[in-house]
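For reference, each letter of the sequence shown is one residue, going 6 to 393 in the working numbering. Even for Gly, the Cβ is constructed at its ideal location relative to N, Cα and C. Owing to the predicted nature of the structure, the values given are computational and were not obtained by experimental measurement.
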Amino acid sequence: MGGVTGLAVAPNDDTVWVYDRPNDLTNLELEAETGTSDCCSRPPSMIHIAKDGTVLGSFDAPQGHGMDVDSKGFAYLGQNTVRKYDTKTGKLVGEIPHSPELENGGKFGPAEMPQHTPGVGGQGPVEGFLPPPPGAAGRGRGGRGGNGDAAAQAAARDAFRKKYPPTTPMIVGGIEEIRLDEPNNEVYVADNYLGGRVMVFDMNTFAFKRGWGAYGHKLSDISTDPADREFAAGKPPKEFRGHLTLNISNDGLVYAADRAAERIDVTTREGKFVKSFTMTAPGTKRNDSDRGAAGGVAFSPDKAQQYLYICDIKNNTIWFLNRDDGKIAGRLGSMGEGGGQFFGLHMIATDSKGYIYTGEVFAGQRVQRFVPADSNRGKAIEALARVQ
Numbered sequence: 006m007g008g009v010t011g012l013a014v015a016p017n018d019d020t021v022w023v024y025d026r027p028n029d030l031t032n033l034e035l036e037a038e039t040g041t042s043d044c045c046s047r048p049p050s051m052i053h054i055a056k057d058g059t060v061l062g063s064f065d066a067p068q069g070h071g072m073d074v075d076s077k078g079f080a081y082l083g084q085n086t087v088r089k090y091d092t093k094t095g096k097l098v099g100e101i102p103h104s105p106e107l108e109n110g111g112k113f114g115p116a117e118m119p120q121h122t123p124g125v126g127g128q129g130p131v132e133g134f135l136p137p138p139p140g141a142a143g144r145g146r147g148g149r150g151g152n153g154d155a156a157a158q159a160a161a162r163d164a165f166r167k168k169y170p171p172t173t174p175m176i177v178g179g180i181e182e183i184r185l186d187e188p189n190n191e192v193y194v195a196d197n198y199l200g201g202r203v204m205v206f207d208m209n210t211f212a213f214k215r216g217w218g219a220y221g222h223k224l225s226d227i228s229t230d231p232a233d234r235e236f237a238a239g240k241p242p243k244e245f246r247g248h249l250t251l252n253i254s255n256d257g258l259v260y261a262a263d264r265a266a267e268r269i270d271v272t273t274r275e276g277k278f279v280k281s282f283t284m285t286a287p288g289t290k291r292n293d294s295d296r297g298a299a300g301g302v303a304f305s306p307d308k309a310q311q312y313l314y315i316c317d318i319k320n321n322t323i324w325f326l327n328r329d330d331g332k333i334a335g336r337l338g339s340m341g342e343g344g345g346q347f348f349g350l351h352m353i354a355t356d357s358k359g360y361i362y363t364g365e366v367f368a369g370q371r372v373q374r375f376v377p378a379d380s381n382r383g384k385a386i387e388a389l390a391r392v393q
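Right, dumping it as structure tokens:
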């Protein structure tokens with residue numbers, strides 16, 4: 006598979022859906038398509054797997070970023086907007102409205118499947134750090150780009166933000182994360198416009214319901230000034246800085262992890278601010294990239310969900326935090342390519358039994374499963390590990 010950009014556990018049977026980037030694969034990884042090797046071929050972008058890793062099914066859709074699934078067999082994929090697919094047929098059944106224009110000067114349109122030539126791949130997992138080749142399909146997230154003239158970019162940006170203010174009741178940027186609140190029939194979306202907006206829509210009609218920014222700012226109070234997305238005197242930015250992920254706890258709190266600012270905001274479902282805490286690995290300092298320590302958000306399986314599980318792409322570890330105060334209670338994993346290590350830890354999900362699933366990008370490009378240490382299976386694995 007390519008880099009994992011979406012990971013979700015089906016609520017009715019604890020099976021796992023993986024949204025990956027097939028364009029991450031290089032020529033070397035596609036030689037089975039030309040008959041020069043027995044491995045491998047371009048994977049579908051949506052893969053359905055059982056707990057033991059058996060592939061249960063798949064379908065192909067334009068690659069993107071962010072994904073969740075409901076109990077009725079529908080998947081919600083983050084592309085240049087959120088699109089809803091029937092997982093049985095792969096058929097597109099609806100999409101959340103998006104502004105007709107993009108901040109980079111382009112026009113919004115349907116996400117298209119890349120034209121694939123057998124045996125011909127992309128630049129690999131470093132594609133996002135290299136200039137795209139002519140005609141490249143790209144990563145599929147949308148909402149970014151522009152020309153190299155800084156003054157022209159600033160003028161175009163200001164004009165766009167005046168035309169599409171923070172209160173715009175639709176997706177304006179690209180998608181970072183999608184999480185469903187099925188009991189309340191709502192879909193929560195992290196729109197990367199203006200560094201990040203939490204946007205809530207009806208699951209069936211996709212009608213806009215509400216939204217907010219950092220610290221629970223009303224949409225009307227979100228600043229369009231780029232300076233408000235920078236650190237000042239060592240303090241986190243006034244607004245979300247970038248690569249926003251989120252999840253909703255059993256007691257109705259929304260945890261929004263601002264990866265580029267290394268912080269986690271906590272609000273109610275209505276966007277009322279509750280608290281915020283920073284997420285920085287002990288002994289490290291913040292950098293200016295968006296590869297911060299506050300990545301995907303999951304919860305421990307106990308009813309009270311005492312712990313937050315945070316995947317950290319910078320330190321390639323899972324942090325276990327006390328949900329009450331955000332203090333670090335433990336960690337799992339380190340940088341590396343072995344089992345239990347990570348190389349580009351990007352996504353995290355948990356099932357009803359407390360199993361943890363992780364998805365990696367960059368050179369990782371895999372899904373790993375972890376069982377609770379105090380479970381029967383966990384104890385059996387520990388006993389086997391002690392056998393010499």
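Proximity below 8 Å, CB of I386 to CB of V376: yes
Local Cβ density within 10 Å of T92, reported as buried at 16 or more and exposed below that: buried
Spatial neighbours of A368 in its chain, beta-carbon cut-off 8 Å, leaving aside the 5 residues before and after: P130, E342, F348, G349
Buried or exposed by the 16-neighbour rule on C-beta atoms within 10 Å, applied to D236: Looking at the sequence shown, residue 236 is not Asp but Phe. Exposed, since its Cβ has fewer than 16 Cβ neighbours within 10 Å.
Completely contained beta strand (DSSP E) runs for the segment 208-236, where each covers 3 or more residues: 213-217
Where F278 falls: helix, strand or coil (DSSP): strand
Buried or exposed by the 16-neighbour rule on C-beta atoms within 10 Å, applied to G301: buried
Buried versus exposed call for A388 [16 or more other C-beta atoms within 10 Å across all chains shown]: exposed
Beta-carbon spacing of R26, L35 below 8 Å: Not a contact, by the Cβ cut-off of 8 Å.
The segment 54-63 touching the segment 160-173, judged by at least three CB pairs closer than 8 Å: Under the 8 Å Cβ criterion, the segment 54-63 does not count as touching the segment 160-173, having fewer than three qualifying pairs.
Residues that DSSP places opposite V9 in a beta bridge: D25
Reduced DSSP category for G200 - H, G, I as helix; E, B as strand; rest coil: helix
The segment 48-56 / the segment 218-236 touching (three or more Cβ pairs under 8 Å): no
Residue range of the unbroken alpha helix (DSSP H) whose run includes Q373: Premise fails: Q373 lies in the beta strand (DSSP E), 372-375, not in any alpha helix (DSSP H).
T285 versus R268 - alpha carbon distance: 8 Å
The segment 103-110 / the segment 170-180 touching (three or more Cβ pairs under 8 Å): yes
Segment limits, beta strand (DSSP E) that includes P268: The question names Pro, but residue 268 is Arg in the sequence shown. In the DSSP assignment, R268 falls within the beta strand (DSSP E) that extends over 268-273.
Identity of the residue in A298, A155, G99 nearest F206 by Cα: Restricting attention to A298, A155, G99, the CA atom closest to the CA of F206 is found in G99.
Cβ pair A55, T20 closer than 8 Å: yes
Nearest-angstrom beta carbon gap, G338 and M352 [assumed within contact, 8 Å]: The distance from the Cβ of M352 to that of G338 is about 14 Å, inconsistent with a contact at the 8 Å cut-off.
Neighbourhood of M340 by C-beta distance below 6 Å, restricted to the same chain and skipping five residues each side: N321
Beta-carbon gap between N109 and R184 smaller than 8 Å: Pairing N109 with R184 gives a Cβ-Cβ distance that is not under 8 Å.
Of the listed residues H53, D75, K358, Y314, nearest to Y193 (C-alpha basis): D75
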